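**Student:** Note that the UniProt record's numbering has the sequence shown beginning at 1, numbered continuously upward.
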Amino acid sequence: MTTNALDELWRSSPNEPLADAGARLAAHFVTRLRERRRLQGWWLGWTFLALTGATALALAQLVQQGPLEFAGQGALWLLLLLPWSAAIHFLRKLLREGVPPKTSIRSLREALLAAREGNRAERRRLAVIAILLGALAPVTAVAVRQLHLAGKASVNEAWSLALVFGLALAVGGGIVAWRYRRRLVPECRRLESLLRDLESNPVL
Numbered sequence: 001m002t003t004n005a006l007d008e009l010w011r012s013s014p015n016e017p018l019a020d021a022g023a024r025l026a027a028h029f030v031t032r033l034r035e036r037r038r039l040q041g042w043w044l045g046w047t048f049l050a051l052t053g054a055t056a057l058a059l060a061q062l063v064q065q066g067p068l069e070f071a072g073q074g075a076l077w078l079l080l081l082l083p084w085s086a087a088i089h090f091l092r093k094l095l096r097e098g099v100p101p102k103t104s105i106r107s108l109r110e111a112l113l114a115a116r117e118g119n120r121a122e123r124r125r126l127a128v129i130a131i132l133l134g135a136l137a138p139v140t141a142v143a144v145r146q147l148h149l150a151g152k153a154s155v156n157e158a159w160s161l162a163l164v165f166g167l168a169l170a171v172g173g174g175i176v177a178w179r180y181r182r183r184l185v186p187e188c189r190r191l192e193s194l195l196r197d198l199e200s201n202p203v204l
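1. Leaving aside the five residues before and after leucine 169 along the sequence, list all residues of the same chain whose C-beta is less than 8 Å from its C-beta, in chain order.
2. With burial defined as no fewer than 16 other Cβ atoms inside 10 Å of the residue's Cβ, what is the status of asparagine 119: buried or exposed?
3. Relative to the alpha-carbon of leucine 198, which residue among Gly53, Arg109, Arg124 has its alpha-carbon at the smallest distance?
4. When the distance is taken between beta carbons, is leucine 126 closer than 8 Å to alanine 41?
5. Could you please give the first and the last residue of the uninterrupted alpha helix (DSSP H) stretch that includes lysine 151?
6. Distance check for serine 85 and isoleucine 175, CA to CA, integer angstroms please.
7. In chain order, what residues of the same chain lie with their CB nearer than 6 Å to the CB of histidine 148, ignoring the 5 residues before and after it?
8. Cα separation between alanine 19 and alanine 111?
9. Along the alpha helix (DSSP H) that carries leucine 184, what are the first and last residues, could you check?
10. Exposed or buried, which one is alanine 50 when buried takes at least 16 other CB atoms within 10 Å?
11. With 16 other CB atoms within 10 Å as the buried threshold, where does arginine 190 fall?
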């Protein structure tokens, strides 16, 4: 939810000090939370699909070359292990949280508190992704070097791999930073402001 959308909801007529003001805004926030959870589910699905394909290719290489020859390329396994660990962590967290029921939030204050907690959870998730991207950068460099030393990538191929992976990590990091700073941080500040306004105006 953007800051402008929050402002429009706050100033709209359904959010005047009426009996159903909290229920209306609560329903909106619960819908947003459910949409965010559905998007996370799609993202995890594609992530697991991509990781499964990459792992299958790595296992096929292991069977073809033999474990002793592949043992000297441990960075490739670490390159798979880190994303798998993060994906499993996010999946367990998603399943533990469950789907927010439509009738679980009934007051305006509960709606704002739930929205703030959802914002914090999303910021924590992006922080973990940022740490993962940062950890993948040196691991990727070592993996490309190991491929080159093992004779599986020429100098030009190694540089091409480094460029592609480096660009992908940089783009991913830029998207994470943009969403964190431009969307989630302003949204959190606005929610905090609305909660302070609500506490100072008991009529609402």
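Note that beta-carbon positions come from the ideal geometry of N, C-alpha and C, so glycine has one too. Bear in mind that the values here come from a model prediction, so they are computed numbers and not experimental data.
**Tutor:** On the basis of the data shown:
1. Numbered from 1 along the sequence shown, position 169 holds the residue referred to as residue 169. Cβ within range, chain order: Leu133, Leu136, Ala137, Thr140.
2. The residue given as residue 119 occupies position 119 in the sequence shown. By the 10 Å Cβ count, asparagine 119 comes out buried.
3. The residue you call residue 198 lines up with position 198 of the sequence shown. With distances taken between Cα atoms, leucine 198 lies closest to Arg109.
4. Sequence index remark: in the sequence shown, residue 41 carries index 41 (1-based). Sequence index remark: in the sequence shown, residue 126 carries index 126 (1-based). According to the sequence displayed, residue 41 carries glycine and not alanine. For glycine 41 and leucine 126, no; Cβs fall outside 8 Å.
5. Sequence index remark: in the sequence shown, residue 151 carries index 151 (1-based). Looking at the sequence itself, residue 151 is glycine, so the reference to lysine does not match. Glycine 151 -> no alpha helix (DSSP H), and no H or E assigned at all.
6. Locating residue 175 in the sequence shown gives position 175, where the first residue counts as 1. Locating residue 85 in the sequence shown gives position 85, where the first residue counts as 1. Rounded to whole angstroms, isoleucine 175 to serine 85 spans 21 Å at the Cα level.
7. Here residue 148 corresponds to residue number 148 of the sequence shown, with the count starting at 1. Taken in chain order, the residues that qualify are Ala158.
8. What you label residue 19 is simply residue 19 of the sequence shown in a count that begins at 1. What you label residue 111 is simply residue 111 of the sequence shown in a count that begins at 1. Because alanine 19 sits at a pLDDT of 45, beneath the cut-off of 50, its placement in the model cannot be relied upon, and the following sentence gives the value as read from the coordinates. Computed Cα separation, rounded: 15 Å.
9. If you number the sequence shown from 1, residue 184 lands on position 184. First-last for leucine 184: undefined, no H or E at that position.
10. Position 50 of the sequence shown, counted from the first residue, corresponds to residue 50. Alanine 50 is exposed by the Cβ-count criterion.
11. The count along the sequence shown starts at 1 and reaches residue 190 at position 190. Flag for arginine 190 reads buried.
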